[in-house]
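**Q** First the structure, which I've put down as structure tokens, then a few questions once you've had a look.
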Amino acid sequence: MAEPLVKVVDLKKWFPIRRGLLDTLLSRKKLYVKAVDGVSFEICPKEIFGLAGESGCGKTTTGRCILRLIEPTGGKIFFERKDITSLSSRELKPLRRYMQIIFQDPYESLNPRMTIYDILAEPLRVQRIVEDPSEEEELVHNALEEVELTPPSEFFYRYPHELSGGQRQRVAIARAFILKPKFIVADEPVSMLDVSIRSEILKIMLRERERYETAILFITHDLSLARHMCEKIAIMYLGKIVELGETEKVIQEPLHPYTQALIAAVPIPDPTYKRGKIPIKGEVPNPINLPSGCRFHPRCPHAMKICSEEEPQLIDVDGRLVSCHLYK
Ligand code: SF4
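Read in this note's numbering, the sequence shown has 154 at position 154, and its numbers run on one by one without any break.
This is how it looks when you write it as structure tokens:
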């Protein structure tokens with residue numbers, strides 16, 4: 001098996017809850033939102049690894065922690081076997097070239113005061129990739145051409161507000177790939193775009209990934225999209241991975257009751273897929289006050305006594321990882 005490019009071990013990100021004066025005076029226990037609570041996985045070079053789950057399950061926080069855009073509370077992050085968990089921003093700078101991100105919102109992620117040319121040239125300048133202005137222009141030109149914003153020179157001096165959502169996301173993709181990264185976090189990259197242009201944008205992303213042999217952590221709430229894009233997938237629920245395996249296997253034959261419920265809830269255009277009716281009760285619990293034992297037990301149709309008493313661990317079941325007492 002290939003050496004992992006990215007390895008995440010027991011990653012945690014807990015956000016402290018602001019407390020009132022009374023809580024401090026009474027020395028009440030500190031409370032946390034455990035957005036990510038002990039997540040481990042590996043991504044191989046060139047692999048597209050999906051991280052899926054409902055909003056608020058911790059997938060975006062996981063992606064940002066891996067890139068060290070936010071500081072993890074615990075655990076380890078390795079990039080090409082190097083422990084990057086506690087590197088300073090100066091130490092991280094040369095690695096930033098190889099680790100990029102495409103954000104969900106193309107309206108927020110581009111600096112409105114910069115021209116498209118400068119948005120694309122900036123990473124080249126920061127990383128001192130180019131020697132002279134003509135080389136810089138050539139790289140910016142090529143980057144725009146690769147994402148089909150042509151003729152590129154017509155986009156050089158435009159500002160983000162002059163572009164459509166789809167065009168902006170193409171710029172964001174060009175910016176992420178201009179440094180030929182080894183790893184990209186793509187955080188719901190098409191969820192804010194019109195359905196009619198999503199497949200076009202995904203096609204461009206896949207082509208760029210092929211060209212530069214980039215591994216992608218593809219964050220999505222959309223399982224049919226994950227199925228289309230990802231070789232492997234991890235399903236998250238309330239800060240934990242509940243199932244991880246090859247995407248086709250997980251989607252065709254989900255083992256964890258939460259994965260089963262998620263799949264039962266989305267339209268999958270596959271006549272061979274056997275859909276079982278799995279009811280999912282109630283709302284996602286309050287992340288400040290997590291249920292004991294298995295976090296899914298208040299909503300699980302298969303919950304047993306042990307489920308509220310003991311937290312299930314991820315174990316190997318039929319070649320994938322599942323955390324559920326049903327498979328002990
Ligand atoms: Fe359901 Fe129990 Fe499995 Fe949790 S451990 S998913 S409550 S059966």
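Virtual Cβ for every residue (Gly too), placed ideally from N, Cα, C. From a predicted model like this one, the values you see are computed outputs, not experimental measurements.
(1) To the nearest angstrom, how far is it from the Cα of T62 to the Cα of P133?
(2) Who are the near neighbours of G282 in its chain, counting only those whose CB is closer than 8 Å to its CB and skipping five residues on each side?
(3) Do the segment 246–253 and the segment 203–219 touch if we need at least three Cβ pairs shorter than 8 Å?
(4) I need the straight-line Cα distance from R295 to Y237, nearest angstrom please.
(5) With DSSP run on the structure shown, which of helix, strand or coil describes Q100?
(6) Taking the beta strand (DSSP E) that E243 falls in, what are its first and last residues?
(7) For M192, which residues from the same chain have a beta carbon less than 8 Å from its beta carbon, with the 5 sequence-adjacent residues on both sides left out?
(8) Please classify M304 as buried or exposed, where buried requires at least 16 neighbouring CB atoms within 10 angstroms.
(9) My parser needs the beta strand (DSSP E) runs of 3 or more residues fully inside the segment 130–204; what are they?
(10) Which residues in the same chain as R97 place their Cβ atom closer than 6 Å to its Cβ, once the five residues preceding and following it in sequence are excluded?
(11) What did DSSP end up calling G276 once you bin it into helix, strand or coil?
(12) Would you say the beta carbon of A303 is closer than 7 Å to some non-hydrogen atom of the ligand SF4?
(13) With distances taken between CB atoms, is the gap from H228 to E188 smaller than 8 Å?
(14) Report whether the distance from the Cβ of C324 to the nearest heavy atom of the ligand SF4 is below 7 Å.
(15) Checking 8 Å against the spacing of the C-beta atoms, do V322 and E243 come in under that value?
(16) Between L330 and V266, which are expected to be in contact by the criterion C-beta below 8 Å, what is the C-beta distance as a whole number of angstroms?
(17) Give a yes or no on contact between the segment 31–43 and the segment 5–23, applying the rule of three or more CB pairs nearer than 8 Å.
(18) Taking the alpha carbon of L255 as the reference point, which residue from L21, D316 and K240 has its own alpha carbon closest?
(19) Should F296 be listed as close to the ligand SF4, given that the test is whether its C-beta is under 7 Å from any heavy atom?
(20) State the DSSP-derived secondary structure class of V126, mapped to helix, strand or coil.
(21) Would you kindly work out how many angstroms separate the C-alpha atoms of I204 and V284, rounded to a whole number?
(22) If you draw a straight line from the alpha carbon of F79 to that of L31, how long is it in whole angstroms?
(23) Would you identify the three-state DSSP class for L21, choosing helix, strand or coil?
(24) Pick helix, strand or coil for R42, following the three-state DSSP scheme.
(25) Do Y117 and Y159 count as a contact pair if the criterion is CB distance below 8 Å?
(26) Between the C-alpha atoms of E210 and K46, what's the straight-line distance to the nearest angstrom?
(27) Starting from the C-beta of K34, find all residues in its chain whose C-beta is less than 6 Å away, skip the five residues before and the five after it, and write them out in chain order.
(28) Within a Cβ cutoff of 7 Å, which residues of the same chain sit near E54, ignoring the five residues on either side of it in sequence?
(29) Please list, in chain order, all residues of the same chain as A176 whose beta carbon is under 6 Å from its beta carbon, the five residues on each side excluded.
(30) CB-CB under 6 Å to G58, same chain, minus the five flanking residues each way: which ones, in chain order?
**A** Based on what the coordinates show:
(1) 37 Å
(2) P298 and R299
(3) Using a Cβ-Cβ distance cut-off of 8 Å, the segment 246–253 and the segment 203–219 are not in contact, since fewer than three pairs of beta carbons, one from each stretch, lie closer than that value.
(4) 8 Å
(5) Residue state, collapsed to three classes: strand.
(6) K240 to E246
(7) Q104, D105, P106, Y107 and G165
(8) When all chains shown are included, M304 counts as exposed.
(9) 183–187
(10) Q127 and L179
(11) Residue confidence is low: G276 scores 49 on pLDDT, short of 50, so the model does not pin down where it sits. Its coordinate-derived value is still stated next. Three-state result, G276: coil.
(12) yes
(13) No, they are not a contact pair.
(14) yes
(15) yes
(16) As shown, the chain starts at 1 and ends at 328. That puts residue 330 outside it, with no answer to give.
(17) yes
(18) For L255, the nearest C-alpha among the options comes from D316.
(19) yes
(20) In this structure, V126 counts as helix in the three-state DSSP scheme.
(21) 35 Å
(22) 31 Å
(23) helix
(24) For the record, residue 42 in the displayed sequence is Glu; it is not Arg. Strand.
(25) no
(26) 8 Å
(27) W14 and G239
(28) H221 and V284
(29) Q100, I102 and I184
(30) A35, V36, M236 and G239
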